[in-house]
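Those letters in the sequence shown? Residues 374 to 812, per the working numbering, in order. Written below as structure tokens is the structure these notes are about.
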Amino acid sequence: EFVSANPTGPLTAGNGRGAAIGSVLASVLAAAGYDVEREYLVNDAGTQTEVFGRTLLARYLQLFGKEIEIPADGYPGAYMVDVAKQLRREFDARFVAASMDAPPAEMVLRGIDILVDGIKEDLARLGVTYDSWFRERWVYEKERPDGVTAERPVYDVAMEKLRSQNYLAEKEGALWFASTELGEDKDNVVIRSSGRPTYFASDIAYHYDKLVTRGFDRAIDVWGADHQGHVSRMKAAVAAIGVDPARLDILIYQLVSFRRGDELVRLSKRSGNIVLIRDIVDEVGKDAARFFFLSRSADSQMEFDLELAKRQSSENPVYYVQYAHARIGALLDNAAEKISGYDGADVSLLRHPAELELVRKMLQLPELVALMAANLEPHHLPHYAGELATAFHAFYTECRVIDEEDLPLSKARLKLAEAAKIVLARALTLMGMSTPERM
374 EFVSANPTGP LTAGNGRGAA IGSVLASVLA AAGYDVEREY LVNDAGTQTE VFGRTLLARY
434 LQLFGKEIEI PADGYPGAYM VDVAKQLRRE FDARFVAASM DAPPAEMVLR GIDILVDGIK
494 EDLARLGVTY DSWFRERWVY EKERPDGVTA ERPVYDVAME KLRSQNYLAE KEGALWFAST
554 ELGEDKDNVV IRSSGRPTYF ASDIAYHYDK LVTRGFDRAI DVWGADHQGH VSRMKAAVAA
614 IGVDPARLDI LIYQLVSFRR GDELVRLSKR SGNIVLIRDI VDEVGKDAAR FFFLSRSADS
674 QMEFDLELAK RQSSENPVYY VQYAHARIGA LLDNAAEKIS GYDGADVSLL RHPAELELVR
734 KMLQLPELVA LMAANLEPHH LPHYAGELAT AFHAFYTECR VIDEEDLPLS KARLKLAEAA
794 KIVLARALTL MGMSTPERM
């Protein structure tokens, strides 16, 4: 599960890092032999959804001439006006008599769906897709669109599990998860004094659903740095519902800052105060965005240089790697006009140090995939791709590949070049990047 930003606005550029890490990690795990399902948790229940609903209703009513202010804790972005306009087109004046204290559920859920559609579009621009879009509200329902039907909602089952293990305690008018019994510094509220579940309660039920109801062997959550404090209590909750906490991995990624050369990027051309992921992809392209987001370990803060990402020179690591692939393609096409095939090439003729270094570098990929899958560290891929490109460029510079006076060696070197192209394409594909034949 990765990204899972609240569907109360468009995706920010910071979400792009989680998107790249999660999608590439899923590809790496699949390459290592795991059966992987990619999931987005749509937070369409709870406090933020209520605030979203009141904001949306206010914007909707304003379109009909009503003088209503958006809530002080609401979402002031202009995108909310766009959502309200779409609701007016679809529903006309159906909700004009609605109370700000109780925005109609139909309107709120449709508004969320509109924003989720935008999130899907933004992620698709980045080359990110999902197998499942899990709705938070499903944990409170017995019959769900994902095909799960149960006697009781999974939320009720998870809370009963905690209660039966004596991990729930009433105090100060609320219901608390006794986290301290499992080594936490403090207990955590799961049901407020108003009777409403907290987001933590929903999250417990969601993880119960993944690890028990749907029976996944392992769950991997990719969260932003602002969720760091949620990690240990989530692991404690998983243990409390009877699941080995080792079956839950939580990967935290740090913040991203954006630069254009030496200049720090502070403003977005669209929203005025945040950088959106769609702006980044529009400016530098999908491939560069994915490569740069992936280029540092998740636990390191990173700077994304937009000018470097657009530069068509060897200084840009994205261009450098993809150019190596295109260069091999051009080499093989050129060879086809001069040498008739190299399937039976004698690769034992490859003895030059540059040839052997390229072979050794290619042989590292399977081991690297296994290592990345074991340690949940997909950031090694862009570095490996760069090293492989360097090894090929060195081979191409130091070894004359097409030599009609020495056909056996030429065929062996063409065989090596073709193999390098295959491995380089595999690395690029695992990163969700294109494999250009011409540049």
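Don't be surprised by glycine CBs; every beta carbon is placed ideally from N, CA and C. None of the values given here were measured: they were computed from a predicted structure.
Per DSSP, which residues does residue i bridge with? Please list them.
| i | result |
| --- | --- |
| LYS544 | ALA547 |
| ARG467 | Looking at the DSSP assignment, ARG467 forms no beta bridge with any residue, so it has no partner. |
| SER630 | GLU676 |
What does a CB cutoff of less than 6 Å around residue i pick up in its chain, not counting 5 residues either side in sequence?
| i | result |
| --- | --- |
| PRO380 | VAL415, ILE485, LEU488, VAL489 |
| PRO477 | PHE468, ALA471 |
| GLU771 | ALA727 |
| LEU402 | VAL409, ALA746 |
| SER552 | ASP560, ASN561, ARG606, ALA609 |
| GLY500 | LYS659, GLY805 |
| THR522 | GLU516 |
| LEU681 | ASN689 |
| MET812 | TYR696, ALA699 |
So, at 7 Å on beta carbons, what are the nonlocal neighbours of residue i in its own chain, with the 5 sequence-adjacent residues on each side left out?
| i | result |
| --- | --- |
| ASP706 | none |
| SER567 | none |
| LEU741 | HIS753, TYR757 |
| GLN421 | ASN379, THR381 |
| GLU760 | LYS734 |
If we ignore side chains and look at the alpha-carbon of each, how far apart do residue i and residue j end up?
| i | j | result |
| --- | --- | --- |
| PRO383 | ILE441 | 24 Å |
| GLU810 | TYR692 | 13 Å |
| SER644 | ARG390 | Low confidence applies to SER644: its pLDDT is 47, below 50, so where it sits in the model is not reliable, and the reading given next is rough at best. Their Cα atoms are separated by approximately 20 Å. |
| LYS559 | ARG606 | 9 Å |
| ALA708 | ALA764 | 20 Å |
| ARG462 | ARG517 | 29 Å |
| LEU722 | ALA785 | 7 Å |
| ALA405 | LEU803 | 11 Å |
| GLY447 | ASP576 | 23 Å |
| PHE666 | GLU710 | 40 Å |
| GLY594 | LEU789 | The sequence given here has Asp at residue 594, not Gly. So the alpha carbons of these two residues sit roughly 39 Å apart. |
| VAL456 | THR502 | 23 Å |
| LEU738 | ARG591 | 24 Å |
| ARG565 | SER670 | 38 Å |
| ASP417 | VAL527 | 16 Å |
| SER377 | TYR413 | 5 Å |
| LYS439 | LEU482 | 22 Å |
| ALA399 | PHE589 | 14 Å |
| TRP511 | ALA613 | 22 Å |
| ASP474 | THR428 | 11 Å |
| ASP504 | GLU533 | 30 Å |
| LEU434 | TYR572 | 29 Å |
| GLU545 | SER537 | 21 Å |
Enumerate in chain order the residues of its own chain whose CB-to-CB distance from residue i is below 8 Å, with the five nearest sequence positions on each side excluded.
| i | result |
| --- | --- |
| LEU679 | PHE631, ARG632, ARG633, VAL638, ILE653, GLU656, VAL657 |
| ILE712 | ILE775, GLU777, LEU780, SER783, LYS784, LEU787 |
Pick from the options: whose alpha carbon is nearest that of residue i?
| i | options | result |
| --- | --- | --- |
| VAL648 | VAL629, PHE507, ALA699 | VAL629 |
| LEU364 | VAL521, PHE768, PRO690 | Because residue 364 is not part of the residues shown, which for the chain are 374 to 812, the question remains open. |
| SER783 | GLU750, ASP560, GLY714 | GLY714 |
| TYR696 | LEU797, VAL604, PRO570 | LEU797 |
| VAL562 | LEU801, MET453, THR553, ALA547 | ALA547 |
| HIS580 | TRP549, GLY387, ASP617, ARG786 | ASP617 |
| ARG432 | GLY717, GLN421, LEU731, PRO444 | PRO444 |
| ILE701 | VAL585, HIS766, ARG669, ALA682 | HIS766 |
| ALA531 | VAL521, ARG565, TYR513 | TYR513 |
| ALA619 | LEU584, ILE564, ASP495, LYS794 | LEU584 |
| PHE507 | PRO690, ALA613, GLY520 | GLY520 |
| GLU750 | ARG565, LYS683, SER673, ASP716 | SER673 |
| LEU436 | ALA466, LEU621, GLN627 | ALA466 |
Can you find a CB in chain C that lies within less than 7 Å of the CB of residue i?
| i | result |
| --- | --- |
| GLY450 | Protein chain content of the structure displayed is limited to a single chain, and chain C is not contained in it. |
What residue ranges within the region 490-545 form continuous beta strand (DSSP E) runs of no fewer than 3 residues, ordered along the chain? Segments of the beta strand (DSSP E) lying fully in the region 490-545: 505-508, 541-544.
Minimum length 3: unbroken beta strand (DSSP E) runs contained in the region 397-474: For the region 397-474, whole beta strand (DSSP E) runs of length 3 or above, ordered along the chain, are 412-415.
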